[in-house]
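Notes for the one structure printed next.
4 protein chains.
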Amino acid sequence: MAPDPTPARPSRQRPRRPARSDRARMLLSCPDRPGIVAAVSQFLFAHGANIIRSDQHTTDPAGGTFFMRVEFDLEGFAARRETLSQAFSPVAAHLEMDWRLSGSEPVRRVAIFASREGHCLLELLWRWQAGELPCHITMVVANHDELRPVAEAWGVPFHLIPVRAGAKHEAEKAQLQLLGGGQTDLIVLARYMQILSPEFVTRYHGRIINIHHSFLPAFVGPQPYHQAFERGVKIIGATAHYVTAELDGGPIIEQDVQRVTHRDNPDDMRRGGRQIERAVLARAVRWHLEDRILLHGGRTVVFD
Amino acid sequence: MAPDPTPARPSRQRPRRPARSDRARMLLSCPDRPGIVAAVSQFLFAHGANIIRSDQHTTDPAGGTFFMRVEFDLEGFAARRETLSQAFSPVAAHLEMDWRLSGSEPVRRVAIFASREGHCLLELLWRWQAGELPCHITMVVANHDELRPVAEAWGVPFHLIPVRAGAKHEAEKAQLQLLGGGQTDLIVLARYMQILSPEFVTRYHGRIINIHHSFLPAFVGPQPYHQAFERGVKIIGATAHYVTAELDGGPIIEQDVQRVTHRDNPDDMRRGGRQIERAVLARAVRWHLEDRILLHGGRTVVFD
Amino acid sequence: MAPDPTPARPSRQRPRRPARSDRARMLLSCPDRPGIVAAVSQFLFAHGANIIRSDQHTTDPAGGTFFMRVEFDLEGFAARRETLSQAFSPVAAHLEMDWRLSGSEPVRRVAIFASREGHCLLELLWRWQAGELPCHITMVVANHDELRPVAEAWGVPFHLIPVRAGAKHEAEKAQLQLLGGGQTDLIVLARYMQILSPEFVTRYHGRIINIHHSFLPAFVGPQPYHQAFERGVKIIGATAHYVTAELDGGPIIEQDVQRVTHRDNPDDMRRGGRQIERAVLARAVRWHLEDRILLHGGRTVVFD
Amino acid sequence: MAPDPTPARPSRQRPRRPARSDRARMLLSCPDRPGIVAAVSQFLFAHGANIIRSDQHTTDPAGGTFFMRVEFDLEGFAARRETLSQAFSPVAAHLEMDWRLSGSEPVRRVAIFASREGHCLLELLWRWQAGELPCHITMVVANHDELRPVAEAWGVPFHLIPVRAGAKHEAEKAQLQLLGGGQTDLIVLARYMQILSPEFVTRYHGRIINIHHSFLPAFVGPQPYHQAFERGVKIIGATAHYVTAELDGGPIIEQDVQRVTHRDNPDDMRRGGRQIERAVLARAVRWHLEDRILLHGGRTVVFD
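Residue numbers (the numbering used here), protein chains in the order written: chain A, 1 to 304; chain B, 305 to 608; chain C, 609 to 912; chain D, 913 to 1216.
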């Protein structure tokens, strides 16, 4: 037992703390060269921003690619966003940057695709309700009806779209209609167990996150726990990745593992693996929503 | 994506598999000496049992204490239980054993005590529904009303018993009435945040499991994450233990840990710590329900 | 600082403790059926043995394979070994057992094969000297001369056998001569970086342990850290396995992993990976020497 | 087996890469306020430096303390260091900084204190020889003679200074003489097992790193593994910290842990704990030598 009375903790006088809506972030990548950090931080300072957190990465100081994520507070950011963007454009152009500014846009809209197993869905809903996932979960789409009560208990609309053999195209058409043009910012495959068509994947490029129940690139494809059992591994894993046209081949966002022994059969692995699957997927989704992930070739830069 | 079609897996001819109700286990401890394993396994074989799993531990082969857990299948166990017990009594007496037989009794009845934070409660309910906790969760008792919807969404009765300062005795009286004499086999404190009286603890000796949000024995008492932050540790932990009269001093069942850095303040630790708290508590409860835990002095023997 | 004065710890009267040479173990596998544990423990008890540790595993209680490892103390084991074996033969035959008895034979003779990188070799030598590897390390064989000082500093003969392209057969001939017929019980490939011929592997079937610097089955073959970097994994691994004719395809004994980030290039991985390579290899070698490993198809049963 | 032929990897044309001696770093802390990153990066850019890596941390953007570590390349740094320092002084004064510049000074001189157990000493020597510890290990000082061969095998002078009960002062006098005034930059207590006097500690404030074989603050003082066993913990740990006058109470640099079970007695823990002790200590020493650690109250900021 650990009683946590909430006694008066000594308060200390503090300067005014910026409103939550004044918190913004800038993500950028460009050819590495001297002066990038100086240019960005100087720009932000000149516009009255206070840098809270700054991460950077270079693939090679001499001729590589430079990545940066800056989190900052700027009073009245929402109103000043457009001006700020325009002012930064020449800096960015000079340094040949890919960049984006985020912070005051409407909260992102997330759709969760599921099948029969509810652990990943439940985890996402719980973390969302606990305030750990800054987004709006707009719907749960599933090809079976089992998880309807879970979604509805959390007040999220549930849509059953069966995927009949040989009629995937029809199902995807219905899904796309539900997702609605530009209405959905991220699709999370929470153990959805169906392969999306290349057309579908292309349309949501870089915006579909999947959880695969193996330590990729080991055990690509169906039944990874059976594969793991057959090979006799001593550790199993889970991998969250962006979905690309290549099955289980997209950029890896996060992985985690767990020990198994000769006593564990595929069913034991499936049961134990749930803990890492749900944790890995939830972390990946949070990082995406917090703009911590940059793509670079087939890999990710994940700023912590 | 990892489509798991459920194709016809090759079936193989198998001998008759015993019914689930024929699975039983024997737990015992006694002074170590030669012949214990032989006596027990010989006894079980003679009565037609098939040993599925057997674990043993000795604190010292020469003069220590011997512990054993045997899981076995025996056709018609429920009906033969009494006879079996009587037949084993002289063996046990000769070897000076503490022992018990379990397997066919009604499923155990578990009450969960909670307060305001729902992650541990939700975890227990989820694992229970997923079939990982062999028990009947009879009620949730809380001193605040926030978690009522969570309990009720899973169909478990929720009882609000506020604990007013200086009137703990009254609250415990109401709790005991709810628990009902011999009606409750296990009480799980799922972040209950209140200290139970010695009288209460004594009444449920060895049958109250608590989760403490630190790596015991570090950071006993209130606000362990604040304590951890102040000390500047690089790893935080959670500990599940049996409750005794000594605050956070009971036998440890399970612990787990998680890395933190200088960036994590107590709130970050509280948030991150939830993942290990819920996992550690769920493991401890499962092991208790599967008769895997033996007490020895202030320590536990946990057979895996 | 943690001064560990070695004060007189309270002694307690103890029964006579058996000599180290009286400790023995029996390993066995057979078709599962009721009565195996009873038969073995009854046999050992009848011959005056005291069971210290007993592990068992069944792939399936109904029609599977049963594995058992029993560690026991028996006064005068060395002298009585032959008699014991003869007495157990009919029991084993009746239950269709593969079995072996070990404990009093001369300490096993181990040869280490290495190349240029010394971390695995040094680890084995250190653990051996610290008493953690019950064996005699008879020689270090390497295809480069760099590690000669390491081997010789620990008093182990070092043999340089270069492996010239296209002349592997010659090198292996020289190696086999050094190993000397039945003189070597185990060969440890401590980052040897050469592929042994099928003939060599067959001759030492089940007695060659290799460390591969990836989490198998991911990244088979050369340069696994480069492969891991290219794929963008977030965790790297190391795998100890028995060597078979299939490259990196033998039965896995132990694995471990370590986190990496986008900041780690293949060189960083190589550096960081050394820690897990040496730890994983040392554990695998120890378990082999302690008779904890049983082979079953392409997998291992490892009793802890 | 993983043959790593070193084939010609495709070379690519690259801009001139700066010499190793041109790599430098700046560490600073100051009251947080807007403009610090801009000021520092602008200054470095104006002087021709290319920022390779930059980490920052603030205890609170509003009124807290700001910490920063910048790694950069600057052609001819050694020759320009003094000028650079003078130029930065007014910037630093304006922002009320504690700061230091490092990179071209002579390699730091490290003395290792040991006793009888060699695993931490061996680890440091191995990593030093493998190029992972940028320092000069000038001597091993021990109160017993057992480790002389280890030190000497690696070419490091070994000094035996026995510490007689009641005559610690004498021993420390001899030690200080060996360390030689300003000649030693860092003292590493590699399981030295003796408590240094407050005078000694004060003289090397912030420059003595100790490894304690527990997960501090659990099990302060002597025989932590016995304490851990008595309490029945399920995980043991090791902690590297700066030494202060308070026993085992100094700022924690790094910690790591390892699972134990009811089967592990204090000797098993001591054996198993060696792996984490040596790894934790080596990491802490490396981070110190790479200027990654900043002290803040009784805690550390460790930039990765």
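Note that CB positions come from ideal geometry on N, CA and C, so glycine has one too.
Going along the chain, which residues of its own chain have a beta-carbon closer than 8 Å to the beta-carbon of residue i, five neighbours each way excluded?
i: T565/B; result: K538
i: G258/A; result: The amino acid at residue 258/A is misidentified as Gly; the sequence shows Gln. Here the set comprises I235, I236, G237, G272, G273, Q275 and I276.
My output table needs one value for residue i: the three-state DSSP class, helix, strand or coil.
i: P830/C; result: coil
i: L493/B; result: strand
i: C1047/D; result: coil
i: Q487/B; result: helix
i: R603/B; result: strand
i: L1201/D; result: helix
i: S1001/D; result: helix
i: R318/B; result: Note that R318/B has pLDDT 38, beneath the 50 cutoff, so the model's placement of it is unreliable and no number is given.
i: D1057/D; result: coil
i: L635/C; result: strand
i: W707/C; result: strand
i: G1149/D; result: strand
i: A759/C; result: helix
i: V1113/D; result: helix
i: S966/D; result: strand
Should residue i be flagged as near chain C, meaning a C-beta pair shorter than 7 Å?
i: Q346/B; result: yes
i: D595/B; result: no
i: H241/A; result: no
i: G339/B; result: yes
i: E254/A; result: yes
Residues in its own chain within less than 6 Å of residue i by CB, not counting five upstream and five downstream?
i: V828/C; result: D856
i: Q194/A; result: V163
i: T908/C; result: P859, I861 and I901
i: W99/A; result: L28 and A92
i: R278/A; result: H119, C120 and E123
i: I208/A; result: I187 and V243
Could one say the Cβ of residue i lies closer than 7 Å to chain A's Cβ atoms, at least one of them?
i: Q831/C; result: no
i: P874/C; result: no
i: F957/D; result: yes
i: V865/C; result: yes
i: V699/C; result: no
Pop quiz: residue i and residue j are said to be a contact at Cβ under 8 Å. What is the actual Cβ separation, rounded to whole angstroms?
i: L399/B; j: A328/B; result: With a Cβ gap of about 20 Å, L399/B and A328/B do not count as contacting.
i: P1178/D; j: F1141/D; result: 5 Å
i: T239/A; j: Q255/A; result: 5 Å
i: P946/D; j: A49/A; result: 7 Å
i: G1144/D; j: G602/B; result: 6 Å
i: E754/C; j: R724/C; result: 5 Å
Excluding the 5 residues preceding and the 5 following residue i in the sequence, name in chain order all residues of the same chain whose CB lies nearer than 7 Å to its CB.
i: Q737/C; result: W762
i: E132/A; result: R286
i: A686/C; result: S629 and S712
Please report whether the beta-carbon of residue i lies at a distance below 7 Å from any beta-carbon of chain D.
i: I51/A; result: yes
i: A761/C; result: yes
i: Q275/A; result: no
Determine whether the Cβ of residue i lies closer than 7 Å to any Cβ atom of chain B.
i: V714/C; result: The amino acid occupying residue 714/C in the given sequence is Pro; Val does not appear at that position. So no, P714/C is outside the interface.
i: A646/C; result: yes
i: S662/C; result: yes
i: P639/C; result: no
query: Would the region 995–1004 of chain D and the region 1066–1084 of chain D be scored as touching if the rule is three or more Cβ pairs under 8 Å?
result: no
task: Would you be able to state if there are at least three C-beta pairs under 8 Å between the region 655–675 of chain C and the region 707–715 of chain C?
output: no
query: Is the region 410–427 of chain B close to the region 441–451 of chain B, with three or more CB pairs under 8 Å?
result: yes
field: Touching by the beta-carbon criterion (3+ pairs, under 8 Å), the region 286–295 of chain A and the region 362–377 of chain B
entry: The region 286–295 of chain A, when compared against the region 362–377 of chain B, does not touch it at the 8 Å Cβ threshold.
- prompt: Okay, do the region 1108–1115 of chain D and the region 1123–1130 of chain D touch, 3+ Cβ pairs below 8 Å being the bar?
  reply: no
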